[in-house]
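Residue numbers (my numbering): 6 to 280. Ideal Cβ positions, reconstructed from N, Cα and C, are used throughout, including at glycine.
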Amino acid sequence: MEVEIDEKELKAAGAEPLSDGRRGLRIHGWEIESRKRSILKSSDHLLWEQKLQTSHLPEMVFGESSLVLKHVNSGIKIHFNAFDALNGWKQEALPPVEVPAAAKWKFRSKPLQQVILDYDYTFTTPYCGSETIEIDTDYGRGEISQRTCNLHWEDCEEKIDVVSLTSKEPILFYDEVVLYEDELADNGVSLLTVKVLRVDGVLMRLRDTRMHCVFDVSANPILLRESCWREAAFKTLSAIGHPSDPAAYSDPSIISQRLPIIKHKTQKLKVADNL
6 MEVEIDEKEL KAAGAEPLSD GRRGLRIHGW EIESRKRSIL KSSDHLLWEQ
56 KLQTSHLPEM VFGESSLVLK HVNSGIKIHF NAFDALNGWK QEALPPVEVP
106 AAAKWKFRSK PLQQVILDYD YTFTTPYCGS ETIEIDTDYG RGEISQRTCN
156 LHWEDCEEKI DVVSLTSKEP ILFYDEVVLY EDELADNGVS LLTVKVLRVD
206 GVLMRLRDTR MHCVFDVSAN PILLRESCWR EAAFKTLSAI GHPSDPAAYS
256 DPSIISQRLP IIKHKTQKLK VADNL
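(1) Label residue 277 either buried or exposed according to how many other C-beta atoms from any shown protein chain fall within 10 Å of its C-beta, with 16 as the threshold for buried.
(2) Going by CA-CA distance only, name the one from 129, 167 and 173 that's closest to residue 209.
(3) Decide yes or no for the touch test of the region 157 to 176 against the region 46 to 60: beta carbon pairs closer than 8 Å, at least 3 of them.
(4) Classify residue 195: buried if its beta carbon has 16 or more other beta carbons within 10 angstroms, exposed otherwise.
(5) Sort 170, 162 and 207 by Cα distance to residue 219 and report the nearest one.
(6) Tell me the DSSP secondary structure of residue 42 in three-state form.
(7) Please name the residue, chosen from 230, 44, 58 and 225, that lies closest to residue 135 on a Cα-to-Cα basis.
(8) Please state whether DSSP places residue 88 in a helix, a strand or coil.
(9) Measuring only the C-alpha atoms, how far is residue 11 from residue 73?
(10) If you drop the 5 nearest sequence neighbours on each side, which residues of the same chain put their C-beta closer than 6 Å to that of residue 145?
(11) Once DSSP output is grouped into helix, strand and coil, what is the label at residue 272?
As structure tokens, then:
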């Protein structure tokens, strides 16, 4: 979905586009930026395999693509990238999904070898974002120190106000960044936009992470992060009265209404002006 950005609406909301050709906006102390880059080169692909200690990666990995949410005053940066997502996949190490044609599809050819599919070839990941803190260490030169951190997220009962998100206010910015994708040898699709995975005729799996911040100039911002994992076998979907045709589930919004929840967690992060 392409959204036309109206500069008058941006200004009225207290926002402005990012400079230097970056795609995104600056609003109420936050910088929101999307970066879309090309697929990994073969040399980088091999380097990633070495770092992740695997010989398996998705067919298309957009290694330099990312979505970045940065709170300027505190230096907190929450970002989504393919490497950290695949690192989560490697550590979780789910068992492989058995497809109907498993007997014929046990082996995938590679030069001089055949590889047994004994790994999670759907590349499902528990990843819900990476966290760093950027500190301007030299105001004169504009040098920035960046360090990985574990922010203090608190479990909470609060929920993202979905009703407020459906109000008819103008959309100030919209984008969708694909981090990796694999066609699963024509047995379905694995697509990480932090949205959806599908294995045709076997499994529907949705791992959804949403972040929501209400801008209130009278208080430090509170960021809500809601993670919801949904999953069901197609035979289960059919048994509870939903269509078993994979095409009926091509829209993530439809999937989220029909799949049963297997895990749900909401956390909040209180962002101070300065850490």
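Once the coordinates are examined:
(1) exposed
(2) Among 129, 167 and 173, the Cα nearest to that of residue 209 is on 129.
(3) no
(4) buried
(5) With distances taken between Cα atoms, residue 219 lies closest to 170.
(6) Annotated three-state conformation of residue 42 is coil, per DSSP.
(7) Restricting attention to 230, 44, 58 and 225, the CA atom closest to the CA of residue 135 is found in 230.
(8) helix
(9) 22 Å
(10) The pLDDT assigned to residue 145 is 47, lower than 50, so where the model puts this residue is not dependable, and the model offers no usable value.
(11) Reduced to three states, the DSSP call for residue 272 is strand.
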